[in-house]
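Throughout the sequence shown, residue numbering follows mature numbering (1 follows the signal peptide of the UniProt record, and there is no 0), covering -27 to -1, 1 to 356 in sequence.
Idealized CB from N, CA, C, for every residue including glycine.
To start, the structure itself, in structure tokens.
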Amino acid sequence: MRTRTRTRTRTGLAALTVLAATVAVSAATTVVGAPAASAAQAAVSQEDPGPDPGRPDTERPSAAQPGSAQPGSAQPGSAQPDPAQSDPPQSDPPQSGTAQPGAAQPGATQPDPAQPDPAASPSKCSATAAEQHGWGEPDRHSDFEGSDEVPPDWHPYGPEPGHAKNGIRTPDAVTVADGVMSINADAEGTTGAVSWHPGQRHGRWEACVKSDEASGGLNALLLLWPVAEDFPVGGEIDWMEVLSDDRQETSFFLHYGPNNDQDYGATQHDSTQWSAYALEWTPEKMTAYVDGEEWYTNTTTDHFPPRPMNMTMQLDYFPPAGGPTAMHMDWASQWAIPESEPATLSLPPGANATGQPRDYPERAPRELTPDEQQAQDAMLAGE
């Protein structure tokens, strides 16, 4: 896999204005596999603050632009009293190495070998980080079998305007069929997003996903978003962000600090095929995997999010993108580790979520009532 990494500082600018970026390579950020190249532009993945004067709009590219760096707009500080402090960019070149390919692990099958047995092999992905690195049984697992309804611990966004007020996010765009959850987008910018609660700080996450090809700016993401809705100081971890229309490059963005600075890496990988994307986050290190192979690490711990996060899947629309397209999830798993800190805020089972908590505060995570907590505990016990 061809990979690259950067540390980037984003400076303030008006919407749609491109300035010269301050781009430097972080010695503590490693992408396994190849020499460094130029960074693709990143932007906020979940939160869509709109024109609120406290949190101005953020810009996001429609596709990665190899060989160039483009800054995004500045993100204002949050109301949190202790914002994360970012390190100054470093100019040393990144470490690079060679990823060791993992052997594919075939799943058990039904008498018809073309049809996997969900009880024996819950995955359309033949190799996983959990299997290759001995993570054991997950604490939480969703395989979307047995019902065509979105599970109650997955919370679709909306209805509401889409990312940066473009298009529409609607719960109707999130569907389940044949054991797969999908987000569908059309040519008019109707798309969706869905978050998984409750969250945690530190732990492991892995999901088996694929993304259909797109046209002009429909970006597929797996990410961790701050449960407290305190971006940017609450951070953001995009461990799978696919900006290219052909879905042949996967990016990693670690957002941190009051100015929405970012650490970045990318690898060449065909995301139109079922792939297992994993993140391991300990107090000392972040590691990203695809199909069981480590491809990105970061040990700059003062860039790590300070509070619990929840997993989110998004298909973000940037005009003049053309649809239809979709992204699909076969399963998702979450593991706690000894250092994990469970979130105290959540959404009640079956509730809708939002990417715009200022406009829809009733959909933001909160302390659950005793009855809601009891319902969530019963739901989690059944996973």
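1) Alpha carbon to alpha carbon, how far is residue 353 from residue 90? Give it in angstroms, no decimals.
2) Which residues in the same chain as residue 252 place their Cβ atom closer than 6 Å to its Cβ, once the five residues preceding and following it in sequence are excluded?
3) Using the three-state DSSP reduction, which class does residue 74 fall into: helix, strand or coil?
4) Hey, is the stretch 149 to 163 in contact with the stretch 299 to 313, meaning 3+ C-beta pairs nearer than 8 Å?
5) Does DSSP put residue 222 in a helix, a strand or coil?
6) Are the beta-carbon atoms belonging to residue 282 and residue 197 less than 8 Å from one another?
7) Using 8 Å as the threshold, is the C-beta distance between residue 326 and residue 129 below it?
8) By the 10 Å Cβ neighbour count, where 16 or more other Cβ atoms means buried, how is residue 165 classified, buried or exposed?
9) How long is the line joining the alpha carbons of residue 249 and residue 217, rounded to whole angstroms?
10) Tell me whether the stretch 132 to 143 and the stretch 270 to 285 touch, counting them as touching only if at least three CB pairs, one residue from each stretch, are closer than 8 Å.
11) Compare the beta carbon distance of residue 141 and residue 119 with 8 Å and say whether it is the shorter of the two.
12) So what's residue 274 in DSSP terms, helix, strand or just coil?
13) According to DSSP, simplified to helix, strand and coil, what is residue 251?
14) Among 102, 256 and 210, which residue has its Cα nearest to the Cα of residue 311?
15) Output the distance between the C-alpha atoms of residue 102 and residue 273, rounded to the nearest integer angstrom.
16) In chain order, what residues of the same chain have a beta carbon less than 6 Å from the beta carbon of residue 113, not counting five sequence neighbours either side?
17) Is residue 334 helix, strand or coil when you go by DSSP?
18) Determine the direct distance from the alpha carbon of residue 313 to that of residue 243, and round the result to whole angstroms.
19) Label residue 171 either buried or exposed according to how many other C-beta atoms from any shown protein chain fall within 10 Å of its C-beta, with 16 as the threshold for buried.
20) Starting from residue 329, follow the beta strand (DSSP E) in both directions and report where the run begins and ends.
21) Just grab the DSSP bridge partners of residue 113 for me.
22) Are the CB atoms of residue 231 and residue 205 nearer to each other than 8 Å?
23) For the beta strand (DSSP E) containing residue 288, name the first residue and the last one.
24) Given a threshold of 16 other Cβ atoms within 10 Å of its Cβ, counted over all protein chains shown, does residue 219 qualify as buried or as exposed?
25) Going along the chain, which residues of its own chain have a beta-carbon closer than 6 Å to the beta-carbon of residue 192, five neighbours each way excluded?
26) For residue 228, which three-state DSSP category applies?
27) Between residue 184 and the rest of its own chain, which residues show a CB-CB distance below 6 Å, the 5 nearest in sequence each way excluded?
28) Grab me the residues of residue 341's own chain with a C-beta within less than 7 Å of its C-beta, minus the 5 sequence neighbours each way, in chain order.
29) Put residue 241 into one of helix, strand or coil per three-state DSSP.
Checking against the coordinates, here is how it stands:
1) Caution is warranted here: a pLDDT of 43 is assigned to residue 90, below 50, making its placement in the model unreliable, and no coordinate value can be reported.
2) 178, 212 and 261
3) Low local confidence applies: a pLDDT of 36 at residue 74 is under 50, so the model's placement there is unreliable, with the coordinate-based value given in what follows. Of the three classes helix, strand and coil, the one that applies to residue 74 here is coil, per DSSP.
4) yes
5) strand
6) yes
7) yes
8) buried
9) 19 Å
10) no
11) no
12) helix
13) strand
14) 256
15) 22 Å
16) 307 and 356
17) helix
18) 32 Å
19) buried
20) Unbroken run through residue 329: none, as it is neither H nor E.
21) 307
22) yes
23) 282 to 290
24) exposed
25) 216 and 289
26) strand
27) 193, 215, 220, 244 and 300
28) 319, 321 and 349
29) strand
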